[in-house]
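Number of protein chains: 2
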Amino acid sequence: MSLSLNQWTTRRWSVAEAVDGCVRHGVEAIGLWRQEVAAQGLDETIALVEAAGLRVSSLCRGGFLTADTSAAFAAALDDNRRAVDEAAALGASCLVMVVGGLPGVTPGEPLAAFSRDLAGARARVAEALAALAPYAGERGVRLALEPLHPVYCPDRAVLSTLGQALDLAERYPVEQVGVVVDTFHVWWDPQVFEQIARAGDRIASYQVCDYLHPLPADVLLGRGMMGDGVIDFAPITEAVRAAGYTGDVEVEIFNAAVWAADPDEVVTTMKARYASLVERPQRAV
Amino acid sequence: MSLSLNQWTTRRWSVAEAVDGCVRHGVEAIGLWRQEVAAQGLDETIALVEAAGLRVSSLCRGGFLTADTSAAFAAALDDNRRAVDEAAALGASCLVMVVGGLPGVTPGEPLAAFSRDLAGARARVAEALAALAPYAGERGVRLALEPLHPVYCPDRAVLSTLGQALDLAERYPVEQVGVVVDTFHVWWDPQVFEQIARAGDRIASYQVCDYLHPLPADVLLGRGMMGDGVIDFAPITEAVRAAGYTGDVEVEIFNAAVWAADPDEVVTTMKARYASLVERPQRAV
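First to last, the protein sequences are chains S and U.
Mapping of the first sequence onto my numbering: position 267 corresponds to residue 255, and the numbering continues sequentially without gaps.
Mapping of the second sequence onto my numbering: position 31 corresponds to residue 19, and the numbering continues sequentially without gaps.
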């Protein structure tokens, strides 16, 4: 396994700056975000990444597939096909899929018109996957279903556990649909070790960051630098390794203080924490 | 099934006031909290409840069994034995068990000295249960293991899913150890229907309240009046009924606005929402 910078961790950096930062700090891979790639330009991003010799460990993100009107659902599928095309052009190891929450629930906003039909939302994710998996497979792109912590079930992902993600993924060839194991989202799950073992080569991405306590008022920003929260990275990392994962390990942090800090210092800290807590896991109890 | 007022919903009311409120509003059962019972006096509480003809649907709460020093663990067991004694004296249908979080993590407080050993914390819950289940059984008290939403895993309950609670409960006779199904905690769980069916007569308590979006800054207070959040109560209630549960349904709300409101108005609203969303479930989509 080797360290990758998910560019959201150094959110102030453009794609060009993040690529340059990776090279300067000896980080060999980068996780890119679609809107940042669009801002830089897709072709320019491809050129920058190739010139730097970086691997693209993921493209974030496809998903948001739970809309309950046919027009919105069709638009979401179209957008996801474009995301697959971009992932293919970038040679990304996977396209991370955040599947979406209850229809009409807006992240961070008060409830307005929305649906409580959780089962229906989950059914539409399955339906969308049936359309997108072959499309991705034809283009050599692997969809990576990301179960999100249940605190995000209303607004971001009705996919809440690794077991649930695998139930969906296993309907498709392993090269078409995998899963993301993200420590923030799975650390609490009583089945996490059993499900990581079950996942095996379905693990398309391993992402690490810590789970802060108490969570900040905006729970989206509860992701911390490794060591700043409650997660013991050793057993989860050992399980991912034992499952056969040999890919990149993305550090993806959504955190107001991290975003406010000097990105070079963030990368320096990230490398040190990764080395002591993830790469050479020691029980951090 | 029939409606019960968990007294924390009308937190400003003493035990005497809550008992009186139940009688005035025609609510036949009450869920009591230990500290409020202590403030009223155990004997006086017993007399008040008996005179009013109320059922005690639960005593809240035992638990906090994850301490990693032998002295603190022993003290927790002693406290839980006292809670069992109180539940027996009150004739409570069950003693709700909130098992505790990571050792040293204080609810709502910044991290100080604590342990990241989640597996160890879970093992101590199992160890404690082996001591407490027979003690409870001898006194005719049923322990009700409450899985809490994973957002509370760091500080309140390392018991995070109904399936995990049943794995523990099934080691003991059904009259000694049951589980709590609380809509707030389980609504997101992809296995919830399967696990409710599995639970069958292990269901010791069914608690209802809604899951607010967005959550307030203190996530403990994210419990709302039924209808104010994202939960569809119909399918969960149907599953609990189909599992054979015929007990009381407690409404337990932790919510700053509900606590600030006139308790009589809160009970009036509670009865109306219970009738339309829980008792005669209609899909509230």
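C-beta atoms are modelled at their ideal positions from N, C-alpha and C, and glycine is treated no differently.
Min CB distance residue i to chain S below 8 Å
i         : result
U:GLN183  : no
U:SER148  : yes
U:GLN(-5) : no
U:GLU1    : Per the sequence shown, the amino acid found at residue 1 of chain U is Trp instead of Glu. No, U:TRP1 does not count as interfacial toward chain S.
U:SER264  : no
U:VAL246  : no
U:GLY96   : yes
U:THR83   : First, the residue type needs correcting, since residue 83 of chain U is Leu and not Thr in the sequence shown. Answer no: the Cβ-Cβ gap between U:LEU83 and chain S never drops below 8 Å.
U:LEU117  : no
U:LEU131  : no
U:LEU99   : yes
U:ARG268  : no
Residue i at chain U interface by Cβ criterion, 8 Å
i         : result
S:ALA64   : no
S:GLY128  : no
S:THR70   : The sequence given here has Arg at residue 70 of chain S, not Thr. So, not an interface residue.
S:VAL93   : yes
S:HIS137  : yes
S:CYS141  : yes
S:GLN28   : no
S:ARG104  : yes
S:LEU(-9) : no
S:GLN195  : no
S:GLN152  : yes
S:LEU78   : no
S:LEU90   : yes
S:GLU5    : no
Beta-carbon spacing of residue i, residue j below 8 Å
i        : j          : result
U:SER45  : U:GLU240   : no
S:ARG229 : S:MET(-11) : yes
S:GLY50  : S:ASN68    : yes
S:TYR199 : S:TRP175   : yes
U:ALA71  : U:LEU47    : yes
S:VAL165 : S:ALA121   : yes
U:GLU74  : U:VAL7     : no
U:PRO135 : S:THR149   : no
U:LEU83  : U:VAL129   : yes
S:PRO142 : U:VAL11    : no
S:ALA4   : S:SER81    : no
S:PHE242 : S:ARG261   : no
S:ALA185 : S:ALA231   : yes
S:PHE255 : S:HIS13    : Here the sequence assigns Val to residue 255 of chain S, which means Phe is not the residue at that position. Taking 8 Å as the Cβ cut-off, S:VAL255 and S:HIS13 qualify as a contacting pair.
S:GLY125 : S:GLU158   : no
Integer Cβ distance of residue i from residue j, believed to fall under 8 Å
i         : j        : result
S:ALA153  : S:LEU131 : That pair is no contact at about 11 Å.
S:THR171  : S:PHE221 : 6 Å
S:SER274  : S:ASP236 : Outside the shown range of chain S, which is -11 to 273, sits residue 274 of chain S, and nothing can be said about it.
S:THR(-2) : S:GLY9   : 6 Å
S:ALA17   : S:LEU42  : 6 Å
U:PRO91   : U:ALA55  : 6 Å
S:THR225  : S:VAL168 : Their Cβ separation, rounded to whole angstroms, is 15 Å, which puts S:THR225 and S:VAL168 out of contact at 8 Å.
S:PRO119  : S:LEU156 : Looking at the sequence itself, residue 119 of chain S is Ala, so the reference to Pro does not match. At roughly 13 Å, the Cβ-Cβ gap does not stay under 8 Å, so S:ALA119 and S:LEU156 are not in contact.
U:ARG22   : U:TRP247 : Rounded, the Cβ-Cβ distance is 19 Å, inconsistent with contact.
U:ALA76   : U:LEU30  : 11 Å between Cβ atoms; not a contact.
U:TYR233  : U:TYR194 : 6 Å
Short CB-CB distance (under 8 Å) between residue i and chain B
i        : result
U:PRO178 : Protein chains in the displayed structure are S and U, and chain B is not among them.
Any non-hydrogen atom of the ligand NAD closer than 7 Å to residue i Cβ
i      : result
U:GLY9 : Inclusion of the ligand NAD in the displayed structure is not the case, the ligand content being empty and no account of it being possible.
Discussion item. At a CB distance below 9 Å, what residues from the region 199 to 219 of chain U approach chain S? Give them in sequence order.
Written reply: Answer set for the region 199 to 219 of chain U: TYR199, LEU200, HIS201, PRO202, LEU203, PRO204, ALA205, ASP206, VAL207, ASP216, GLY217, VAL218 and ILE219.
Worksheet item: Can you find at least 3 beta carbon pairs, one from the region 94 to 110 of chain U and one from the region 59 to 66 of chain U, that sit closer than 8 Å?
Response: No, the region 94 to 110 of chain U does not touch the region 59 to 66 of chain U.
Worksheet entry | Residues of the region 42 to 57 of chain S whose Cβ lies closer than 7 Å to any Cβ of chain U, in chain order | Those would be none; no residue qualifies.
Discussion item. Check whether the region 200 to 210 of chain U and the region 202 to 212 of chain S touch, using three or more Cβ-Cβ pairs below 8 Å as the test.
Written reply: Contact between the region 200 to 210 of chain U and the region 202 to 212 of chain S is present: 3 or more CB-CB pairs across the two stretches fall below 8 Å.
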